[in-house]
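K.L.:
In my numbering, the protein residues as written are 114 to 250.
Don't be surprised by glycine CBs; every beta carbon is placed ideally from N, CA and C.
(1) Enumerate in chain order the residues of its own chain whose CB-to-CB distance from residue 72 is below 6 Å, with the five nearest sequence positions on each side excluded.
(2) Ignore the nearest five residues each way along the sequence and tell me which others in residue 130's own chain have a CB closer than 8 Å to its CB.
(3) Which residue from 197, 215, 185 puts its Cα closest to that of residue 203?
(4) What is the DSSP secondary structure of residue 250, reduced to helix, strand or coil?
(5) Helix, strand or coil: how does DSSP classify residue 178 here?
(6) In the DSSP output, which residue or residues are listed as bridge partners for residue 201?
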């Protein structure tokens with residue numbers, strides 16, 4: 114399973130990578146410290162570079178998570194992402210408007226508050242596994 118982590122905070126990336134490692138899910142995890150870098154990777158690669166899951170931070174400089182989602186929505190990547198990928202917002206924001214706003218983006222499967230917990234990962238991967246008929250663990 115291919116996973117993208119998009120977050121400008123190195124500590125958040127480290128913690129998320131560590132939690133994924135505890136769940137045995139590190140073999141194809143790629144971390145990006147900017148949304149632009151991740152968007153470029155998605156745009157320049159072929160279908161096999163589309164991840165199965167994206168964990169996306171909202172509050173980043175230059176291009177935030179919302180701008181990243183907007184950019185995906187208006188490109189040819191949108192269909193490829195919809196078919197293969199689930200996006201989860203991973204944020205420290207407790208603002209209810211962020212939770213409500215995620216519903217405006219069909220590509221977003223859910224919102225998780227940082228730091229990600231083992232239960233969150235298990236839930237996400239069991240959901241993904243069931244939908245795509247892939248065994249989890």
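P.N.:
Once the coordinates are examined:
(1) In the structure as shown, the chain starts at 114 and stops at 250, and residue 72 therefore has no counterpart that could be examined.
(2) Counted from its first residue, the chain shown places residue 130 at position 17. So the list reads 118, 139, 142, 144, once near-sequence residues are dropped.
(3) The count along the chain shown starts at 1 and reaches residue 203 at position 90. Checking every option, the nearest Cα to that of residue 203 belongs to 215.
(4) Translated into positions along the chain shown, residue 250 becomes position 137. Residue confidence is low: residue 250 scores 49 on pLDDT, short of 50, so the model does not pin down where it sits. No coordinate-derived value is stated.
(5) Against the chain shown, residue 178 aligns to sequence position 65. Helix at residue 178.
(6) For the purposes of this step, residue 201 is identified with residue 88 of the chain shown, where counting begins at 1. Its beta-bridge partners are 168, 223.
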